[in-house]
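To keep things clear, I will list the structure first and then write my remarks on it.
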Amino acid sequence: MNPWSPTSPCDPGCLPAPEPVHGRARAMRVARVGVRGTALAAVLVAGLALALVVPLLRPAAVGRAQQVWAAAVLGACGVRVRRSGPPAPPGALVVANHVSWLDVLALNAVAPVRMLAKHEVRQWPVLGVMAACAGTVFLDRDRLRALPDAVGGLADALRAGTPVGVFAEGTTRCGRELGPFRPAAFQAAHDAGAPVLPVAMRYGRWGPHGVTHTTAGTTAGTTPDTTPDTTAAFIGDDTLADSLRRVLAVRGLVVHVVACPVVDPRTVPAGPARADARRALARTSAAAVAAALPPGRGGHPAAAPPHPVSALPTTPDLEHVA
Numbered sequence: 001m002n003p004w005s006p007t008s009p010c011d012p013g014c015l016p017a018p019e020p021v022h023g024r025a026r027a028m029r030v031a032r033v034g035v036r037g038t039a040l041a042a043v044l045v046a047g048l049a050l051a052l053v054v055p056l057l058r059p060a061a062v063g064r065a066q067q068v069w070a071a072a073v074l075g076a077c078g079v080r081v082r083r084s085g086p087p088a089p090p091g092a093l094v095v096a097n098h099v100s101w102l103d104v105l106a107l108n109a110v111a112p113v114r115m116l117a118k119h120e121v122r123q124w125p126v127l128g129v130m131a132a133c134a135g136t137v138f139l140d141r142d143r144l145r146a147l148p149d150a151v152g153g154l155a156d157a158l159r160a161g162t163p164v165g166v167f168a169e170g171t172t173r174c175g176r177e178l179g180p181f182r183p184a185a186f187q188a189a190h191d192a193g194a195p196v197l198p199v200a201m202r203y204g205r206w207g208p209h210g211v212t213h214t215t216a217g218t219t220a221g222t223t224p225d226t227t228p229d230t231t232a233a234f235i236g237d238d239t240l241a242d243s244l245r246r247v248l249a250v251r252g253l254v255v256h257v258v259a260c261p262v263v264d265p266r267t268v269p270a271g272p273a274r275a276d277a278r279r280a281l282a283r284t285s286a287a288a289v290a291a292a293l294p295p296g297r298g299g300h301p302a303a304a305p306p307h308p309v310s311a312l313p314t315t316p317d318l319e320h321v322a
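Going letter by letter, the sequence shown gives residues 1 to 322 in full-length UniProt numbering.
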C-alpha cells in the first residue's frame, strides 16, 4: 500500500450486533437465507450465460442487460432500490459515496454506468466477470503510475457520451459519515468538459407504510426508516461471503440512490494550477453529497459551502481513486 492510498476509520464495530433469534424466528431466517441464496445462484448463473453473448450485442442492448441483471441480483438478495433526483446526463461523471459492494448494483439498476473499480473486483466470482463485460476500468491502487492512464481512459469514455461511475472516497465507510472525495477522477471530467452528477448512497430499513419507487415501477406498502442501517456495509477485514450472509438474512433492506443537482465544471471557481480545478470539483461534489445525507451522517456540515481554493490541500499530484 502506498502512502496516498485512502483509508477508512470504519471497522467491525460499525456493523449491527447479531440479533438473537430462537424458535420460529430462527426457522424463518434460515428459510429466508435459503430462498434468497437459491434465487441469487440462479441469477448469477444467468449472468455467466449473459456474459457469453455480450460481445454480440449492441451498446444499447448491453446497457439494458446490465441494468436488468443488476436489478435481478438486488431483488434476489431482498434489497429494494429507491431513487430520487435528476437522471445522469449523457457523458456525466457520476460520483458517489461508497458503503457496500451493493452500491455498484444499485447505481446500474437505476441507469447503466461504466465503473472505475479496484483491480481486486476483477477476481470476484461472477460479479468480476460481469463488471468486465460492462467495461469497468480496473485500477491497481498500489501502482500510482497506472493512475494517469486510468484517468485518460475515463475522459475518453466521457467524451464519447458514456456515463462513468466513481466512488470518490476511494474506500468504503459504514454510511454514518462521509469521507473526503479523492480529486484524481475529477480530472477526467475537467479534461472532457463533462458534467458531474453527485450521488448519495443511503441504506436503511423499511416499515409497513408508504411507497417505494424502484426500477420496476411503484410498490405500495413500504416506508423508509430514518435510522441508517449498516448491515450492507463492506468495511475493514470483512469478506464478501460474510457481507453476503448478512444481506441475505436481514429483512427490509433498502438502498436509496439520491441524485444531487448536476455540477458544471465550468462554473466551479478554481485557482490557476491544473490540480486546482479537480480539487474544487471534488470539494463541491462532496458538499452536495453531504447535504443529501441525513443530519449527522454527512461527515461535513450539511449546509457547508465548498472549501475555498486557498484552503485546498497541496499534497503531491498523486491523489488516488478506487
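By construction, the Cβ of each residue, glycine as well, lies at the ideal position given by its N, Cα and C atoms.
DSSP three-state assignment for residue i, whether helix, strand or coil
{"i": "Leu197", "result": "strand"}
{"i": "His22", "result": "coil"}
{"i": "Ala259", "result": "strand"}
{"i": "Ala17", "result": "coil"}
{"i": "Phe186", "result": "helix"}
{"i": "Arg274", "result": "helix"}
{"i": "Gly153", "result": "helix"}
{"i": "Leu248", "result": "helix"}
{"i": "Ala192", "result": "helix"}
{"i": "Gly299", "result": "The predicted model places Gly299 with a pLDDT of 46, which falls under 50 and marks its position as unreliable, so this point remains unresolved."}
{"i": "Glu319", "result": "Its pLDDT being 37, under 50, Glu319 is placed unreliably by the model, and the measurement read from it follows with that caveat. Note: Glu319 maps to coil in three-state DSSP."}
{"i": "Leu44", "result": "helix"}
{"i": "Ala233", "result": "coil"}
Check whether residue i and residue j have beta carbons under 9 Å apart
{"i": "Ile235", "j": "Cys14", "result": "yes"}
{"i": "Ala288", "j": "Pro261", "result": "yes"}
{"i": "Ala134", "j": "Val79", "result": "no"}
{"i": "Asp237", "j": "Pro59", "result": "no"}
{"i": "Ala72", "j": "Val33", "result": "no"}
{"i": "Arg173", "j": "Pro228", "result": "no"}
{"i": "Val104", "j": "Ala70", "result": "yes"}
{"i": "Asn97", "j": "Ala146", "result": "no"}
{"i": "Ala117", "j": "Leu102", "result": "no"}
{"i": "Ala241", "j": "Tyr203", "result": "no"}
{"i": "Arg143", "j": "Ala192", "result": "no"}
Same chain, Cβ closer than 6 Å to residue i, five either side skipped, listed in chain order
{"i": "Pro86", "result": "Ala259"}
{"i": "Met190", "result": "The amino acid occupying residue 190 in the given sequence is His; Met does not appear at that position. Excluding residues within five positions, the ones whose Cβ falls inside 6 Å are Pro265, Ala277, Arg278."}
{"i": "Ala106", "result": "Val81, Val255, Val257"}
{"i": "Leu52", "result": "none"}
{"i": "Gly179", "result": "Glu169, Arg173"}
{"i": "Ala150", "result": "Val137, Leu139"}
{"i": "Pro90", "result": "Gly161"}
Own chain partners of residue i with C-beta closer than 8 Å, once the 5 adjacent residues on each side are dropped
{"i": "Pro301", "result": "Low local confidence applies: a pLDDT of 37 at Pro301 is under 50, so the model's placement there is unreliable, with the coordinate-based value given in what follows. Only Ala290 meet the Cβ criterion."}
{"i": "Pro20", "result": "none"}
{"i": "Ser84", "result": "His213, His256, Val257, Val258, Ala259"}
{"i": "Ala249", "result": "Arg29, Arg32, Val33"}
Supposed close pair residue i, residue j - CB separation, criterion 8 Å
{"i": "residue 326", "j": "Ala155", "result": "Beyond the ends of the chain as shown, which are 1 and 322, falls residue 326; an answer cannot be given."}
{"i": "Val99", "j": "Met201", "result": "5 Å"}
{"i": "Thr231", "j": "Pro16", "result": "6 Å"}
{"i": "Gly153", "j": "Val137", "result": "5 Å"}
{"i": "Ala88", "j": "Leu197", "result": "5 Å"}
Beta-carbon contacts of residue i that lie in its chain and below 7 Å, excluding the five residues immediately before and after
{"i": "Gly252", "result": "Arg205, Trp206"}
{"i": "Val268", "result": "Ala280, Leu281, Thr284"}
{"i": "Ala109", "result": "Gln67, Ala70, Ala71, Leu74, Val81, Thr215"}
The stretch 250-264 in contact with the stretch 121-131 per 3-pair CB rule at 8 Å: no
Using a Cβ distance threshold of 8 Å, determine whether the stretch 107-118 contacts the stretch 158-167, with at least three qualifying pairs required.
Contact between the stretch 107-118 and the stretch 158-167 is present: three or more C-beta pairs spanning the two stretches fall below 8 Å.
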